[in-house]
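Here the protein sequences line up with chains A and B, keeping their order. Quick note on my numbering: the first sequence kicks off at 1 and runs consecutively. Quick note on my numbering: the second sequence kicks off at 1 and runs consecutively. Quick notes on the structure that follows.
Protein chains: 2
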Amino acid sequence: MDVEEIHALTGRLTERKIKRRQFLLQEGDVCKYFTYVQSGCFKIYGVDDKGVEHNLAFATEDDWISDIGSLHKEQPSKLFIEAIEPSVVLQISKGDLWYLYTNYPKFDRNFRVIIENKYIELQERLLQTVSATALERYESFINQYPHLANRLPNTQIASYLGITPEFLSKIKNERFKK
Amino acid sequence: MDVEEIHALTGRLTERKIKRRQFLLQEGDVCKYFTYVQSGCFKIYGVDDKGVEHNLAFATEDDWISDIGSLHKEQPSKLFIEAIEPSVVLQISKGDLWYLYTNYPKFDRNFRVIIENKYIELQERLLQTVSATALERYESFINQYPHLANRLPNTQIASYLGITPEFLSKIKNERFKK
DNA sequence: CTTAACCCTTAAACTACATTAAGGGTATTT
DNA sequence: AAATACCCTTAATGTAGTTTAAGGGTTAAG
Numbered sequence: 001m002d003v004e005e006i007h008a009l010t011g012r013l014t015e016r017k018i019k020r021r022q023f024l025l026q027e028g029d030v031c032k033y034f035t036y037v038q039s040g041c042f043k044i045y046g047v048d049d050k051g052v053e054h055n056l057a058f059a060t061e062d063d064w065i066s067d068i069g070s071l072h073k074e075q076p077s078k079l080f081i082e083a084i085e086p087s088v089v090l091q092i093s094k095g096d097l098w099y100l101y102t103n104y105p106k107f108d109r110n111f112r113v114i115i116e117n118k119y120i121e122l123q124e125r126l127l128q129t130v131s132a133t134a135l136e137r138y139e140s141f142i143n144q145y146p147h148l149a150n151r152l153p154n155t156q157i158a159s160y161l162g163i164t165p166e167f168l169s170k171i172k173n174e175r176f177k178k
Numbered sequence: 001m002d003v004e005e006i007h008a009l010t011g012r013l014t015e016r017k018i019k020r021r022q023f024l025l026q027e028g029d030v031c032k033y034f035t036y037v038q039s040g041c042f043k044i045y046g047v048d049d050k051g052v053e054h055n056l057a058f059a060t061e062d063d064w065i066s067d068i069g070s071l072h073k074e075q076p077s078k079l080f081i082e083a084i085e086p087s088v089v090l091q092i093s094k095g096d097l098w099y100l101y102t103n104y105p106k107f108d109r110n111f112r113v114i115i116e117n118k119y120i121e122l123q124e125r126l127l128q129t130v131s132a133t134a135l136e137r138y139e140s141f142i143n144q145y146p147h148l149a150n151r152l153p154n155t156q157i158a159s160y161l162g163i164t165p166e167f168l169s170k171i172k173n174e175r176f177k178k
């Protein structure tokens, strides 16, 4: 991106400080922003009929997070985006994002690439989820997010892996013995 | 899209007839095309260490299919794309797609939207996979793809749902009794 | 016509993971 | 400083889904 585009972008980003456990998005709300995480950590998750949370993804420094479906179609979201740590974010509204898309073709390109990368990430995760055991999923979580393994509480990791904290505890124990 | 863009696109699409069980992509190959399905049906799947296939998605008439990650990064794919039925497709190469992106801004927009919709679909599927039982997943498969439920062999549906054909058979039986 | 290659179903034995319960540790709030 | 809310672990019991095996049906190939 050139100086001009960077200027156009930064002028439309709003900085917000977010406390631990504060929400960027709650189920039922329409997602209004595309959010850049400058510091801190967020989880995006759904809650099933039994009230259990299921983490779809985490976002830390220099990552983007949003419910793209809700933002795009202006429909109520089924997801929550919540800060796991005190965080600082930069947000751009849908309107401003559309303005950039229209007036600076490079943005279309750049945001298409961001979404493509998110898509690739999600596809690999889905493949893992359906084809690997809990232990294998835990191993590849550690490989993919080495910094997160120590930074997050195990309850959050278990929710991401699709298992209970109890079973994660057991897996870690058996893994350590070897 | 205007007449001009449609013309630019159609001139770069190549028609191919594909037999049942023929591959558009095999594991290890770099994905070269973005493929539009004009008629027929494809599955995109990965194979685990035990040789078991796991269907990530199906694509029928008027849908697009590709391994976007492999196409984009020019890396060997981990996936197979295989015809379940005799099919006719229109394919555009990466080079031509890039040409369209560069010279017709509307394509960037249109393909961003296609990918966004694929992303949304995938995210809902992941949420389902981690938070719903096999029966619930089967029910929503039927709601989402009513035409596919009768069109596909149960082995393929089971692979999509992440269960064995034996267990799918059991579920269907119990569901029918009620 | 015959054989082979799939495909569907049922049922018994098995396993990966969930549930429940309990005890102790460590932050965060009051 | 105390109280409360989280968080981690272990262990017994329970269950959703797998594995293995077997029989029969239907389609494709020699």
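The beta carbon of each residue, even a glycine, is placed where N, CA and C say it ideally should be.
Please tell me whether Phe111(B) has its Cβ less than 8 Å away from any Cβ of chain A. Within the second sequence, the letter at position 111 stands for residue 111(B). Yes, Phe111(B) counts as interfacial toward chain A.
Per DSSP, what kind of secondary structure is Ser70(B) in: helix, strand or coil? The residue labelled residue 70(B) in the question sits at position 70 within the second sequence. Reduced to three states, the DSSP call for Ser70(B) is helix.
Could you pull the DSSP bridge partners for His54(B) from this structure? For the purposes of this step, residue 54(B) is taken as residue 54 along the second sequence, with counting starting at 1. Partner(s): Gly46(B).
Find the residues of chain B that neighbour Gln91(A), judging by a C-beta separation of less than 9 Å, and give them in chain order. As a position in the first sequence, residue 91(A) is number 91, starting the count at 1. Simply none; closest approach about 19 Å.
Give the secondary structure of Ile81(A) by DSSP, where H, G and I count as helix, E and B as strand, and everything else as coil. Taking the first sequence and counting its residues from 1, one reaches residue 81(A) at position 81. Three-state result, Ile81(A): strand.
How long is the line joining the alpha carbons of Ile84(A) and Gln38(A), rounded to whole angstroms? On the first sequence, position 84 is the one that residue 84(A) refers to. On the first sequence, position 38 is the one that residue 38(A) refers to. About 14 Å.
What residue does the beta strand (DSSP E) around Ile92(A) start on, and which one ends it? The sequence position of residue 92(A) within the first sequence is 92, counting from 1. Start and end: 87 to 93.
Distance, Arg16(A) Cα to Thr155(B) Cα: Indexing the second sequence from 1 puts residue 155(B) at position 155. Indexing the first sequence from 1 puts residue 16(A) at position 16. In a straight line, the C-alpha of Thr155(B) is about 50 Å away from that of Arg16(A).
Per DSSP, Phe141(A) forms a beta bridge with which residues? Against the first sequence, residue 141(A) aligns to sequence position 141. According to DSSP, Phe141(A) bridges with nothing at all.
Using a Cβ-Cβ cutoff of less than 8 Å, which residues in the same chain neighbour Leu161(B) once the five nearest sequence positions on both sides are dropped? Reading the second sequence from its first residue, position 161 is the one you call residue 161(B). Closer than 8 Å at Cβ, skipping near neighbours: Ala134, Arg137, Tyr138, Phe141, Leu168.
Is the shortest distance between the beta-carbon of Thr35(A) and the beta-carbons of chain B less than 8 Å? By one-based count along the first sequence, residue 35(A) stands at place 35. No - not a single Cβ of chain B is within 8 Å of the one on Thr35(A).
Determine the contact status of Tyr45(A) and Ser159(A), defining contact as a CB-CB distance below 8 Å. Taking the first sequence and counting its residues from 1, one reaches residue 45(A) at position 45. Taking the first sequence and counting its residues from 1, one reaches residue 159(A) at position 159. Taking 8 Å as the Cβ cut-off, Tyr45(A) and Ser159(A) qualify as a contacting pair.
Cutoff 6 Å; reference Lys118(A); Cβ partners in own chain excluding five residues on either side: Reading the first sequence from its first residue, position 118 is the one you call residue 118(A). Within the same chain, Lys118(A) has no close Cβ partners at all.
At which residues does the alpha helix (DSSP H) containing Tyr241(B) begin and terminate? Here chain B has residues from 1 to 178 only, and residue 241(B) is not among them.
So, helix, strand or coil for Thr164(B), using DSSP? One-based indexing of the second sequence puts residue 164(B) at position 164. Coil at Thr164(B), not helix or strand.
Quick one: residues in its chain with C-beta nearer than 8 Å to the C-beta of Ala149(B), no 5 flanking neighbours on either side, listed in chain order? Position 149 of the second sequence, counting from 1, holds the residue named residue 149(B). Closer than 8 Å at the Cβ level, and outside the excluded window around Ala149(B), lie Phe141, Ile142, Ile157.
Got a sec: is the Cβ-Cβ distance from Gln123(B) to anything in chain A below 8 Å? The residue labelled residue 123(B) in the question sits at position 123 within the second sequence. For Gln123(B), the answer is yes, since a Cβ of chain A falls inside 8 Å of its Cβ.
Between Lys94(A) and chain B, is any beta-carbon pair separated by less than 8 Å? As a position in the first sequence, residue 94(A) is number 94, starting the count at 1. No, Lys94(A) lies away from the interface with chain B (no Cβ there is under 8 Å from its Cβ).
What do you get for Gln75(A), buried or exposed, if any count of 16 or more other CB atoms within 10 angstroms of its CB means buried? Taking the first sequence and counting its residues from 1, one reaches residue 75(A) at position 75. Classification for Gln75(A): exposed.
If I follow the unbroken beta strand (DSSP E) through Arg151(B), where does it start and stop? In the second sequence, counting from the first residue as 1, residue 151(B) sits at position 151. Element bounds for Arg151(B): not the beta strand (DSSP E) but the alpha helix (DSSP H), 146 to 151.
Which same chain residues, not among the five before or five after Tyr33(A), have their C-beta less than 8 Å away from its C-beta? By one-based count along the first sequence, residue 33(A) stands at place 33. Closer than 8 Å at Cβ, skipping near neighbours: Leu24, Ser66, Leu71, Gln91, Ile92, Ser93, Lys94.
According to DSSP, simplified to helix, strand and coil, what is Lys17(A)? As a working note, residue 17(A) is residue 17 in the first sequence. Correct three-state label for Lys17(A): strand.
Report the neighbours of Pro105(B) on chain A: residues whose CB is nearer than 8 Å to its CB, in chain order. Taking the second sequence and counting its residues from 1, the one referred to as residue 105(B) is at position 105. Residues of chain A passing the Cβ test: Pro105, Asp108.
From Leu9(A) to Val52(A), what distance separates their C-alpha atoms? Here residue 9(A) corresponds to residue number 9 of the first sequence, with the count starting at 1. Here residue 52(A) corresponds to residue number 52 of the first sequence, with the count starting at 1. The alpha-carbon atoms of Leu9(A) and Val52(A) are separated by roughly 38 Å.
Given that Asp48(B) touches chain A, what residues does it touch there, using C-beta distances under 8 Å? Here residue 48(B) is taken as the residue at index 48 of the second sequence, counted from 1. Those are Ser131, Ala132, listed as they occur along chain A.
Restricting to Cα atoms, I'd like to know which of Cys31(A), Ile81(A), Glu61(A), Asn173(A) is closest to Asp40(A). Translated into positions along the first sequence, residue 40(A) becomes position 40. Asp is not the amino acid found at residue 40(A); the sequence shown has Gly there. Of the listed residues, the one whose Cα sits closest to Gly40(A) is Glu61(A).
Could you tell me which chain B residues have their CB closer than 7 Å to the CB of Ile68(A), listed as they occur along the chain? Position 68 of the first sequence holds residue 68(A). Result: Glu116, Tyr119, Ile120.
The alpha helix (DSSP H) with Val30(B) in it runs from where to where? Your numbering for residue 30(B) matches position 30 in the second sequence. Where Val30(B) is concerned, there is no enclosing alpha helix (DSSP H), because DSSP gives it neither an H nor an E.
In DSSP terms, what Thr60(B) is bridged to: Locating residue 60(B) in the second sequence gives position 60, where the first residue counts as 1. Thr60(B) is bridged to Cys41(B).
In angstroms, rounded to a whole number, what distance separates the CA positions of Glu27(A) and Tyr104(B)? Along the first sequence, one-based indexing puts residue 27(A) at 27. Along the second sequence, one-based indexing puts residue 104(B) at 104. Spanning the two alpha carbons is a distance of roughly 37 Å.
Give the residues of chain A in contact with Leu168(B), contact being defined as C-beta atoms less than 7 Å apart. The residue you call residue 168(B) lines up with position 168 of the second sequence. Correct list: empty, because the minimum Cβ distance to chain A is about 14 Å.
Measuring CA to CA, which of Leu56(B), Thr14(B), Gln22(B), Asp63(B) is closest to Phe111(B)? Looking up residue 111(B) in the second sequence gives position 111. Among Leu56(B), Thr14(B), Gln22(B), Asp63(B), the Cα nearest to that of Phe111(B) is on Asp63(B).
Give me whichever residues DSSP pairs with Phe176(B) in a beta bridge. Sequence index remark: in the second sequence, residue 176(B) carries index 176 (1-based). Among the bridge pairs identified by DSSP, Phe176(B) is matched with none.
Assuming the contact rule is C-beta atoms closer than 8 Å, Leu126(A) and Leu126(B) should be a hit. Round their C-beta distance to whole Å, please. The residue given as residue 126(A) occupies position 126 in the first sequence. The residue given as residue 126(B) occupies position 126 in the second sequence. With a Cβ gap of about 5 Å, Leu126(A) and Leu126(B) count as contacting.
Here's a check: name, in chain order, each residue in its chain whose Cβ is nearer than 7 Å to the Cβ of Cys31(A), leaving out the five neighbours to either side. By one-based count along the first sequence, residue 31(A) stands at place 31. Same-chain partners within the cutoff: Leu25, Ser66, Asp67, Ser70, Leu71, Ser77.
Hey, is His54(A)'s beta-carbon within less than 8 Å of any beta-carbon in chain B? In the first sequence, counting from the first residue as 1, residue 54(A) sits at position 54. Yes - at least one Cβ of chain B is within 8 Å of the one on His54(A).
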